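Presented below is the structure to which this report refers.
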Amino acid sequence: MFEARLLRGSILKKVLEAIKDLLTQATFDCDDSGIQLQAMDNSHVSLVSLQLRADGFDKYRCDRNISMGMNLNSVAKILKCAGDKDTVTMKAQDNADTVTFVFESPNQEKVSDYEMKLMNLDLEHLGIPETEYSCTIRMPSAEFARICRDLSQFGDSMVIACTKEGVKFSATGEIGSANIKLAQTASVDKEEEAVIIEMDEPVTLTFACQYLNYFTKATSLSPQVQLSMSADVPLVVEYRIQDIGHIRYYLAPKIED
Amino acid sequence: QVAQNPLPQYYTWA
Numbered sequence: 019m020f021e022a023r024l025l026r027g028s029i030l031k032k033v034l035e036a037i038k039d040l041l042t043q044a045t046f047d048c049d050d051s052g053i054q055l056q057a058m059d060n061s062h063v064s065l066v067s068l069q070l071r072a073d074g075f076d077k078y079r080c081d082r083n084i085s086m087g088m089n090l091n092s093v094a095k096i097l098k099c100a101g102d103k104d105t106v107t108m109k110a111q112d113n114a115d116t117v118t119f120v121f122e123s124p125n126q127e128k129v130s131d132y133e134m135k136l137m138n139l140d141l142e143h144l145g146i147p148e149t150e151y152s153c154t155i156r157m158p159s160a161e162f163a164r165i166c167r168d169l170s171q172f173g174d175s176m177v178i179a180c181t182k183e184g185v186k187f188s189a190t191g192e193i194g195s196a197n198i199k200l201a202q203t204a205s206v207d208k209e210e211e212a213v214i215i216e217m218d219e220p221v222t223l224t225f226a227c228q229y230l231n232y233f234t235k236a237t238s239l240s241p242q243v244q245l246s247m248s249a250d251v252p253l254v255v256e257y258r259i260q261d262i263g264h265i266r267y268y269l270a271p272k273i274e275d
Numbered sequence: 104q105v106a107q108n109p110l111p112q113y114y115t116w117a
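Protein chains in written order, with the numbering used here: chain A, 19 to 275; chain B, 104 to 117.
This is how it looks when you write it as structure tokens:
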């Protein structure tokens with residue numbers, strides 16, 4: 019028996035919004051530590067890694083490890099039926115070929131359940147080693163979303179250059195060029211609003227705007243985003259989900275031909 | 104001209 023109950027059901031709605039443009043299907047791997055999902059987009063350029071810890075749920079039970087392959091469009095459709103304040107419960111029997119989502123309104127007056135068929139998906143996991151990155155940038159997630167949106171008007175790709183003075187985002191295209199520089203916040207009153215840079219070596223990398231814009235669909239999950247970069251390795255864009263886990267996106271850098 | 108490398112070029116299959 020698998021059962022995971024979340025009073026803050028809107029978290030699951032937001033998680034689906036954050037992954038459904040990038041992935042069409044994915045496997046939710048559930049064990050007694052929680053729920054994990056790892057999947058690459060169809061072109062194998064980016065990867066989504068989601069972790070929701072068991073202790074972040076209001077009730078969590080997983081008697082046997084279970085891998086549930088799901089069509090994410092279908093999951094998104096079902097979660098759209100949940101109210102923002104609803105409690106969401108996912109449950110499945112051992113070896114089941116369906117999963118059930120139960121939504122309860124705050125006053126318990128409305129209870130809905132939706133049963134969805136599971137899929138058998140080929141598991142293709144990448145081993146991602148713990149990495150020390152040359153630069154990590156923490157900044158307000160809404161600011162990062164704004165920068166990605168604004169710069170994608172200028173070109174298909176964006177250069178992110180991090181030095182100890184700050185971080186510069188640039189794009190160049192037919193209409194011209196755009197540069198956005200963010201300085202490190204001098205005095206941090208509210209950490210959520212600060213730009214904080216930790217740098218061992220300066221790094222400049224180029225990434226596809228389209229994917230960065232997909233990643234920013236996670237903005238509502240966290241007030242802050244962390245970008246981790248080293249020369250010639252994938253960028254990591256991490257949104258921490260309060261008290262329960264994180265969603266990380268990995269994106270391969272563009273390479274000069 | 105820039106090209107995009109696939110991710111499995113950086114990480115091994117688990």
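Glycine residues also receive a C-beta, built at the ideal position from the N, C-alpha and C atoms.
Because the structure is a prediction, the values reported are computed rather than measured.
By the C-beta density criterion, residue 145 of chain A is exposed, having fewer than 16 other C-beta atoms within 10 angstroms. Look at residue 146 of chain A: its C-beta is under 9 angstroms from a C-beta on chain B. A Cβ-Cβ contact shorter than 9 angstroms links residue 241 of chain A with residue 160 of chain A. The beta carbon of residue 122 of chain A sits closer than 7 angstroms to the beta carbons of 104, 105, 129 from its chain, once the five residues preceding and following it are set aside; these are given in chain order. Within the segment 236-253 of chain A, contact with chain B at the beta-carbon level (separation under 7 angstroms) is assigned to 251, 252. By DSSP's assignment, residue 210 of chain A forms no beta bridge with any residue. CA-CA distance, residue 21 of chain A to residue 45 of chain A, rounds to 16 angstroms.
In this structure residue 61 of chain A is exposed. Its beta-carbon is surrounded by fewer than 16 other beta-carbon atoms within 10 angstroms. Distance between residue 115 of chain A and residue 216 of chain A, taken at the CA atoms: about 46 angstroms. If you draw a straight line from the Cα of residue 200 of chain A to the Cα of residue 186 of chain A, it comes to about 6 angstroms. With fewer than 16 neighbouring CB atoms inside 10 Å of its own CB, residue 98 of chain A falls in the exposed class. At a cut-off of 9 angstroms between beta-carbon atoms, residue 176 of chain A makes no contact with chain B. The straight-line gap separating the alpha-carbon atoms of residue 203 of chain A and residue 84 of chain A is approximately 45 angstroms. Between residue 93 of chain A and residue 239 of chain A, the CB-CB gap reaches or exceeds 9 angstroms. Fully enclosed beta strand (DSSP E) runs of no fewer than 3 residues occupy 153-158 of the segment 131-171 of chain A, in order along the chain. Approximately 15 angstroms separates the beta-carbon atoms of residue 166 of chain A and residue 247 of chain A; this is outside 8 angstroms, ruling out the contact. Interface annotation, residue 37 of chain A: not in contact with chain B, CB-CB separation never under 9 angstroms. Contiguous beta strand (DSSP E) elements confined to the segment 57-89 of chain A occur at 64-71, 77-80, 84-89, taking only those with 3 or more residues. Residue range 105-110 is occupied by the beta strand (DSSP E) that includes residue 109 of chain A.
Closest by C-alpha distance to residue 214 of chain A, out of A:182, A:192, A:232, is A:182. Residues of chain B whose Cβ lies closer than 8 angstroms to the Cβ of residue 64 of chain A are, in chain order, 110. Residue contact with chain B for residue 28 of chain A: absent (no Cβ-Cβ distance below 9 angstroms to any residue of chain B).
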